[in-house]
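Okay, structure first, notes after.
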Amino acid sequence: MKLEDRVLRSIARRHSVVILRSELAALGSPAQLSRVLSSLVKTKRLVRIGVGIYAKTRLNKFTRELAPAATFEEIAAEVFRKLKIDVAHGKLAREYNADKTTQVPMLAIVDTGRRRIKRRISLGTRIITYERSGTRQREERQP
1 MKLEDRVLRS IARRHSVVIL RSELAALGSP AQLSRVLSSL VKTKRLVRIG VGIYAKTRLN
61 KFTRELAPAA TFEEIAAEVF RKLKIDVAHG KLAREYNADK TTQVPMLAIV DTGRRRIKRR
121 ISLGTRIITY ERSGTRQREE RQP
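At position 140 of the sequence shown the residue is numbered 140 (full-length UniProt numbering), and the sequence of numbers has no breaks.
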């Protein structure tokens, strides 16, 4: 069986929309995997979100073209979950959710607390922007 077929089968069996390159590393050599992933991106079976991060696509029922299988916000949240990066809503989103403003935040901004992150996560023209609050409020866990 060709590597492309094995990669496609592995991707189809996954429930998550986001696929990390490290999850597919056992299927073949790095050079072969790069070739297969780039061909899947060219044929629009996958969308590249960042370095080593891809998202599944599905047929859009209105345009009849392949589009990402989830919204940008859902994809970004899943990426952070898979990379085990703890993030929260940005300042503007927190103010909107607390009814302090009626201005709807249009930019995808996440608060990383004290952590510095340089990873670029983008889909088309949408980009995740990071802000550091320094002392983010954490919820206390009850045992």
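Positions of the beta carbon are idealized from the N, C-alpha and C atoms, including for glycine.
All values reported here derive from a predicted model rather than from experimental measurement.
Where R116 and R13 are concerned, what is the direct C-alpha to C-alpha distance, given to the nearest angstrom?
Note on geometry: alpha-carbon atoms of R116 and R13 lie some 34 Å from one another.
Cα-Cα, which of G113, V17, T112 and L92 is closest to residue 219?
Coverage of the chain is limited to positions 1 through 143, which leaves residue 219 absent and any answer about it impossible.
Leaving out five residues on either side along the sequence, give the residues of the same chain with a beta carbon under 7 Å from the beta carbon of R136.
Per-residue confidence for R136 stands at a pLDDT of 49, beneath the threshold of 50, marking its modelled position as unreliable; the derived number appears in the next sentence. Closer than 7 Å at the Cβ level, and outside the excluded window around R136, lie A88, D111 and G113.
Could you spell out the range, first to last residue, of the beta strand (DSSP E) harbouring L59?
I53 to L59
Among T57, V36, Q32 and R21, whose alpha-carbon lies nearest the alpha-carbon of V51?
R21
Looking at the structure shown, is V36 part of a helix, part of a strand, or coil, going by DSSP?
helix
Which whole-angstrom value describes the C-beta separation of L37 and L46, a residue pair presumed to lie in contact below a C-beta threshold of 8 Å?
7 Å
Could you name the residues that DSSP lists as bridge partners for T129?
I109
What residues in its chain sit with their C-beta under 8 Å from that of L27, if we drop five residues either side in the sequence?
These residues qualify, in order along the chain: L3, R6, V7, S10 and L33.
By the DSSP assignment, the beta strand (DSSP E) with residue 174 in it spans what residues?
Nothing in the structure corresponds to residue 174, since the chain is present only between 1 and 143.
Rounded to the nearest angstrom, what separates K44 and I85 at their Cα positions?
28 Å
Going straight from the alpha carbon of E95 to that of E65, what length do you get?
37 Å
Output the boundary residues of the beta strand (DSSP E) element that contains I19.
Here the beta strand (DSSP E) through I19 covers V18 to L20.
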